[in-house]
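Each remark here refers to the structure printed beneath this line.
2 protein chains.
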Amino acid sequence: MAQPIRFELLRRDGHSQARRGRLTTPHGVIETPVFMPVGTQATVKTMAPWELKEIGAGIILSNTYHLHLRPGEQLIDRAGGLHGFMNWDGAVLTDSGGFQVFSLADLRKITDDGVSFRSHLDGSSHSFTPESVMAIENALGADIIMAFDECPPYPATRAYVETSLRRTVDWAQRCKASHQRPEEQGLFGIVQGGEFLDLRKEAALRLIDLDFPGYAIGGLSVGEPKPLMYDILAYTTPWLPVDKPRYLMGVGSPDDLFEGVERGVDMFDCVLPTRIARNGTVLTSEGKRVMKNARYSDDFLPLDPDCDCRVCKTFSRAYIRHLIKADEVLGIRLTSYHNVYFMLDLMKRIRQSIEADRFLGYKQEFYERYGYNEKNAGEEV
Amino acid sequence: MAQPIRFELLRRDGHSQARRGRLTTPHGVIETPVFMPVGTQATVKTMAPWELKEIGAGIILSNTYHLHLRPGEQLIDRAGGLHGFMNWDGAVLTDSGGFQVFSLADLRKITDDGVSFRSHLDGSSHSFTPESVMAIENALGADIIMAFDECPPYPATRAYVETSLRRTVDWAQRCKASHQRPEEQGLFGIVQGGEFLDLRKEAALRLIDLDFPGYAIGGLSVGEPKPLMYDILAYTTPWLPVDKPRYLMGVGSPDDLFEGVERGVDMFDCVLPTRIARNGTVLTSEGKRVMKNARYSDDFLPLDPDCDCRVCKTFSRAYIRHLIKADEVLGIRLTSYHNVYFMLDLMKRIRQSIEADRFLGYKQEFYERYGYNEKNAGEEV
Chain U
377 MAQPIRFELL
387 RRDGHSQARR
397 GRLTTPHGVI
407 ETPVFMPVGT
417 QATVKTMAPW
427 ELKEIGAGII
437 LSNTYHLHLR
447 PGEQLIDRAG
457 GLHGFMNWDG
467 AVLTDSGGFQ
477 VFSLADLRKI
487 TDDGVSFRSH
497 LDGSSHSFTP
507 ESVMAIENAL
517 GADIIMAFDE
527 CPPYPATRAY
537 VETSLRRTVD
547 WAQRCKASHQ
557 RPEEQGLFGI
567 VQGGEFLDLR
577 KEAALRLIDL
587 DFPGYAIGGL
597 SVGEPKPLMY
607 DILAYTTPWL
617 PVDKPRYLMG
627 VGSPDDLFEG
637 VERGVDMFDC
647 VLPTRIARNG
657 TVLTSEGKRV
667 MKNARYSDDF
677 LPLDPDCDCR
687 VCKTFSRAYI
697 RHLIKADEVL
707 GIRLTSYHNV
717 YFMLDLMKRI
727 RQSIEADRFL
737 GYKQEFYERY
747 GYNEKNAGEE
757 V
Chain W
377 MAQPIRFELL
387 RRDGHSQARR
397 GRLTTPHGVI
407 ETPVFMPVGT
417 QATVKTMAPW
427 ELKEIGAGII
437 LSNTYHLHLR
447 PGEQLIDRAG
457 GLHGFMNWDG
467 AVLTDSGGFQ
477 VFSLADLRKI
487 TDDGVSFRSH
497 LDGSSHSFTP
507 ESVMAIENAL
517 GADIIMAFDE
527 CPPYPATRAY
537 VETSLRRTVD
547 WAQRCKASHQ
557 RPEEQGLFGI
567 VQGGEFLDLR
577 KEAALRLIDL
587 DFPGYAIGGL
597 SVGEPKPLMY
607 DILAYTTPWL
617 PVDKPRYLMG
627 VGSPDDLFEG
637 VERGVDMFDC
647 VLPTRIARNG
657 TVLTSEGKRV
667 MKNARYSDDF
677 LPLDPDCDCR
687 VCKTFSRAYI
697 RHLIKADEVL
707 GIRLTSYHNV
717 YFMLDLMKRI
727 RQSIEADRFL
737 GYKQEFYERY
747 GYNEKNAGEE
757 V
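Line by line, the protein sequences give chains U and W.
Numbered per this note's numbering, the first sequence spans residues 377 to 757.
Numbered per this note's numbering, the second sequence spans residues 377 to 757.
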């Protein structure tokens with residue numbers, strides 16, 4: 377059977393677990409490590425697909441939970457899947473909705489069969505099972521689809537995480553069995569296990585038995601301290617096959633990218649660049665800038681003088697601050713565009729540093745300039 | 377003295393007052409009749425300057441009142457005027473703030489010297505005089521600047537309009553006298569006079585004595601019935617010099633463009649295309665479409681199958697409806713882009729029809745297809 381997703385490991389760093397790889401999908405070849413911009417509702421917020429292309433995005437993520445509720449997977453299927461609906465010819469990954477439905481705390485009920493929940497939009501009743509989620513993801517038509525998992529909260533008791541993990545592995549098997557388009561869409565398994573290292577190992581080994589074309593690490597960045605997240609990650613990745621891509625879900629900030637890559641992660645996604653952009657905060661080589669700050673009111677420099685993006689080549693901080701203060705849509709368009717470019721460009725530089733055998737050196741340079749240091753390590757900077 | 381604004385009359389229609397002309401400005405040559413998109417706060421809402429260029433906008437309008445309050449003309453001056461601040465190398469026209477301050481009803485006080493008013497943003501006190509408005513417009517640096525005028529409400533008594541008109545003509549003279557950059561910015565006078573035809577004529581003749589490079593018709597589309605607006609227009613334009621551009625301020629909808637051109641108008645501006653776009657309403661060759669309507673939920677046609685804009689070449693009604701329903705910024709980006717394109721393209725077709733000596737025939741064809749007819753003439757369609 378033809379495999380829709382292939383991974384080639386190009387180079388391993390000599391001083392860390394960092395890896396350079398290449399992911400081949402039905403919609404293009406992706407150089408890894410890669411950052412995937414998030415397009416929750418079939419749009420990376422504020423951006424047109426040609427802008428994503430222009431800044432070099434090769435793969436984006438979209439959310440099954442949101443798309444199932446609105447506009448519904450049947451409509452997207454009729455439009456030719458997410459690629460046709462959005463007019464995006466690059467690769468797409470859909471999550472399984474697991475994280476979203478478990479975040480609905482008071483609105484959902486979990487059994488071994490699946491999860492029943494109420495829509496955050498209108499309170500209507502829905503249920504997700506491994507089989508129904510596969511049917512939805514098959515209809516959405518992404519290149520990479522994620523197994524339906526249970527994402528335990530942090531903190532959670534060992535007993536809770538054990539039960540949850542048994543269920544997640546069982547569900548992964550049911551997802552694999554009900555996946556209807558295995559020649560067109562690659563199904564990734566998700567390693568859970570909370571903060572319990574032996575459970576992380578068990579999850580990895582049991583999923584590997586199911587032989588997925590890629591493995592995600594889930595249940596991180598859900599409230600635990602960053603050092604704990606990094607420790608769990610460092611422990612978990614070595615149990616995953618070296619010749620398969622590893623995806624750290626829902627992470628991260630610039631430091632998370634470095635720390636994840638250093639621990640052997642190949643794929644990342646995060647809403648951070650677009651979310652903070654909507655509040656007027658931008659990422660730069662010298663750290664975050666809050667553009668509403670009065671200090672930028674008559675500052676005619678670009679957002680980041682070291683950035684080559686169209687926004688930085690065209691507009692001043694003073695103009696962008698004016699747009700943000702005046703609630704003009706162009707303001708958040710420009711900050712979003714710049715921030716997503718920043719993340720993609722950072723990942724490109726990380727790839728180049730691995731190729732040049734200087735990943736850890738580049739990390740140190742970036743941290744010094746950005747303002748990460750031992751004092752604020754693990755905090756939001 | 378060099379004249380920054382020159383107008384060349386290329387052709388007069390044989391069956392109406394319609395004219396084809398060419399307006400030369402310090403930032404490009406504009407074919408007339410022309411529609412000017414509105415960029416109130418130094419941005420045409422949701423659009424990047426390269427998108428305005430891409431759809432053929434040659435001149436945009438920006439609002440003195442809003443820019444004076446935020447971010448202030450001094451900042452814009454330091455940024456190289458509106459062109460530098462926005463990074464827009466096409467032409468710009470600024471209004472005088474007259475319409476805005478007179479719309480502040482309870483917040484302003486008028487004397488012969490000028491108007492004192494309170495900001496709609498923070499209630500702070502300000503005053504506009506002809507001299508202060510010229511200083512602001514000189515700092516903003518637009519290619520065409522408007523004299524400070526009083527815009528009477530509709531309806532208004534003859535006595536009120538007479539007093540107001542005397543003031544407006546006096547202010548026009550003071551504007552001309554205090555204009556500091558006459559070689560770089562063309563100052564247009566504004567014909568007021570309410571619904572009183574003899575006052576319209578008097579206003580025109582007294583302004584012509586002051587010899588402006590262009591004349592606007594103000595105080596229309598302020599609540600009067602459309603047939604009355606068209607009658608006032610038909611009466612007024614013949615009193616204006618044939619070799620100078622005529623600008624109908626704040627107008628209009630597609631039918632207003634036809635009716636205005638038919639009565640000899642060369643320039644128009646209106647927030648309509650961007651304002652209705654933000655509510656998800658689009659202009660098409662077959663009339664308006666309200667994209668939130670359920671009938672578009674699984675309609676995979678473009679917004680307007682006859683439209684050549686990038687949005688219509690790329691996205692379906694179903695996708696755009698989804699974005700609008702989901703409150704996604706890309707939705708109002710796409711409807712705004714399409715609507716502004718529609719108005720510019722309509723004006724291009726009007727220019728071509730004048731050249732081909734078939735303006736009235738084209739008007740009839742457009743009206744039939746769009747859905748304007750005798751029954752709804754003068755209504756919002």
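We treat Cβ as the ideally placed atom computed from N, Cα and C, and that holds for glycine.
Of the residues assessed, Gln556 of chain W falls on the exposed side of the cut-off, its CB having fewer than 16 other CB atoms within 10 angstroms.
Rounded to whole angstroms, the gap between the alpha carbons of Asp389 of chain W and Glu731 of chain W is 8 Å.
By alpha-carbon distance to Arg697 of chain U, the top candidate from W:Val666, W:Val658, W:Pro447, W:Gly473 is W:Pro447. Distances from the CA of Pro402 of chain W to each of W:Phe588, W:Arg639, W:Phe644, W:Gln561 were compared; the closest alpha carbon is that of W:Gln561. Annotation: Met605 of chain W to Thr416 of chain W spans about 24 Å, alpha carbon to alpha carbon.
Not one beta carbon of chain W lies nearer than 8 Å to the beta carbon of Pro678 of chain U. In the three-state scheme derived from DSSP, where H, G and I count as helix and E and B as strand, Phe735 of chain W is classed as helix.
Every unbroken stretch of the beta strand (DSSP E) spanning 3 or more residues and falling wholly within the segment 463-551 of chain W is given here in chain order: 467-470, 484-486, 491-494, 501-504, 520-522. Counting of Cβ neighbours within 10 angstroms places Trp426 of chain W among the exposed residues, the total staying below 16. Excluding sequence positions up to five before and after Leu483 of chain U, its CB lies within less than 6 Å of the CB of Phe493, Arg494, all in the same chain and listed in chain order. Leaving aside the five residues that flank Phe634 of chain U on each side, the residues in its chain whose CB is nearer than 8 Å to its CB run, in chain order, Ile726, Lys739, Phe742, Tyr743. The Cβ neighbour count for His391 of chain U, taken over all protein chains shown within 10 Å, is under 16; the residue is labelled exposed. Within chain W, the C-beta atoms nearer than 8 Å to that of Ile708 of chain U come from Val705, in chain order.
Cβ contact annotation for Tyr623 of chain W (same chain, cutoff 6 Å, sequence separation greater than five): Ala592, Met643, in chain order.
The three-state reading of DSSP puts Arg398 of chain U in strand, counting E and B together.
Its Cα nearest to that of Gly565 of chain U, the residue U:Leu541 stands out among U:Met462, U:Leu541, U:Cys685. In this structure, Pro589 of chain W places its C-beta atom within 8 Å of the C-beta atom of Lys620 of chain W.
Here Thr711 of chain W is actually not in contact with Gly640 of chain W; their C-beta atoms are around 32 Å apart, not less than 8 Å. From the listed residues W:Thr505, W:His459, W:Asp465, the smallest Cα separation to Gly517 of chain W is found for W:His459.
Within the segment 567-605 of chain U, the complete alpha helix (DSSP H) segments at least 4 residues long are 573-586, listed from N- to C-terminus. Residues of chain W with a Cβ closer than 8 Å to the Cβ of Lys701 of chain U are, in chain order, Arg446, Pro447. About 22 Å separates the Cβ atoms of Ala394 of chain U and Pro413 of chain U, ruling out a contact at the 8 Å cut-off.
When DSSP states are grouped into helix, strand and coil, Val658 of chain W belongs to the strand group. Proximity of chain W to Ala548 of chain U at the Cβ level (cut-off 7 Å) is not reached, the minimal Cβ distance being about 30 Å. Residue-level contact check: Ala455 of chain U touches chain W, since one or more beta carbons of chain W fall below 8 Å from its beta carbon. Annotation for Arg446 of chain W: no alpha helix (DSSP H) segment contains it, and DSSP assigns it neither H nor E. Around the C-beta of Ser500 of chain W, fewer than 16 other C-beta atoms lie within 10 Å, and the residue is accordingly described as exposed. DSSP places Glu384 of chain U within a strand segment (E or B) once states are collapsed to three. Residue range 630-638 is occupied by the alpha helix (DSSP H) that includes Val637 of chain U. Following the DSSP letters along the chain, one finds Thr650 of chain U inside the alpha helix (DSSP H) bounded by residues 648-653.
Contact of Leu451 of chain W with chain U is assigned, a C-beta pair being separated by under 8 Å.
Around Gln417 of chain U, the beta-carbon contacts reaching into chain W at under 8 Å are His698, Leu699, Ala702, Glu704.
Within the DSSP bridge table, the entry for Met625 of chain U names no partner. Among the CB atoms of chain W, one or more fall inside 8 Å of the CB of Thr690 of chain U. Residues of chain W with a Cβ closer than 8 Å to the Cβ of Lys421 of chain U are, in chain order, Glu704, Val705, Leu706.
In its chain, beyond the 5 residues on either side, Met412, Val414, Leu469, Asp645 have a beta carbon closer than 6 Å to the beta carbon of Leu437 of chain W.
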